[in-house]
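Undergrad: Just passing along the structure, written as structure tokens.
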Ligand code: PXP
């Protein structure tokens with residue numbers, strides 16, 4: 001079974017655009033769960049342009065499925081995560097001003113750093129996933145530094161899917177087989193949508209979780225949040 005974790009960054013972005021509490025992020029997270037989401041993901045960035053650091057304890061208090069916090073493991077991020085103890089921390093090497101995550105870890109160059117950070121998180125009982133481009137050497141590196149899971153960066157897959165889906169999914173499938181062999185769990189995220197999700201799931205063995213924000217929230221404008229979540233779940237079943 002592949003779990004659907006809904007990334008609610010876009011809800012926070014909408015709220016922040018007017019300064020009040022509409023939409024109410026906490027209520028939306030509760031509703032996502034009621035509508036079938038199997039996890040809630042947030043990606044606080046240093047400029048707090050969507051999720052604010054102060055949102056995290058409020059969400060931690062109400063999420064009953066799986067709480068996943070993504071981000072670059074700066075000292076501030078580590079503090080936030082260690083204080084709030086989500087079920088999972090997804091480490092992403094994104095630059096402070098990045099529009100969105102667009103690259104995975106080089107688990108070889110950053111071996112020592114990742115080993116230390118991952119050990120700290122795991123000691124606190126937090127599962128650790130590493131955002132990765134689908135390259136075998138980085139999967140092997142992720143195992144070496146002690147990650148529990150990897151999250152494949154699916155942005156390039158989503159782009160290439162439109163003209164050559166077999167080629168697009170091939171490196172993900174290869175790396176998934178390697179991850180399965182080495183005992184790493186597999187997540188995926190970025191630009192997954194109602195068109196490319198089912199094919200991804202069918203071709204990536206052992207896909208444990210997808211986290212989806214942008215397309216799902218955009219679809220919710222047309223279909224409503226309950227329907228949008230159900231439609232994504234249907235792609236995974
Ligand atoms: N995974 C990571 C690491 C991300 O940074 C994001 C975007 O915040 C996602 C998944 C979800 O991507 P999207 O919003 O395109 O569904």
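Residue numbers (the working numbering): 1 to 237. Using N, Cα and C, we set each Cβ at its ideal position, and we do this for glycine too.
My assumption, with CB atoms under 8 Å, is that residue 210 sits in contact with residue 5. Please give the rounded CB distance.
TA: 7 Å
Undergrad: Closer than 7 Å: is that where the CB of residue 195 sits relative to any heavy atom of the ligand PXP?
TA: no
Undergrad: Which residue's Cα is closest to the Cα of residue 89: 145, 129, 28, 124?
TA: In terms of Cα proximity to residue 89, the closest of 145, 129, 28, 124 is 129.
Undergrad: Spell out the partners DSSP gives residue 88 in its beta bridges.
TA: 68, 127
Undergrad: Between residue 123 and residue 84, what straight-line distance do the alpha-carbon atoms span, to the nearest angstrom?
TA: 14 Å
Undergrad: Can you pull the DSSP bridge partners for residue 41?
TA: 7, 68
Undergrad: Beta-carbon separation of residue 80 and residue 46 under 8 Å?
TA: no
Undergrad: How many Å lie between residue 166 and residue 94 at the Cα?
TA: 28 Å
Undergrad: I believe residue 155 touches residue 102 by the beta-carbon criterion, under 8 Å. Please report the beta-carbon distance rounded to the nearest angstrom.
TA: 6 Å
Undergrad: What number of angstroms, rounded off, separates the C-alpha of residue 109 from the C-alpha of residue 138?
TA: Answer to the nearest angstrom: the Cα atoms are 10 Å apart.
Undergrad: Whole angstroms are fine: how far does the CA of residue 121 sit from the CA of residue 217?
TA: 30 Å
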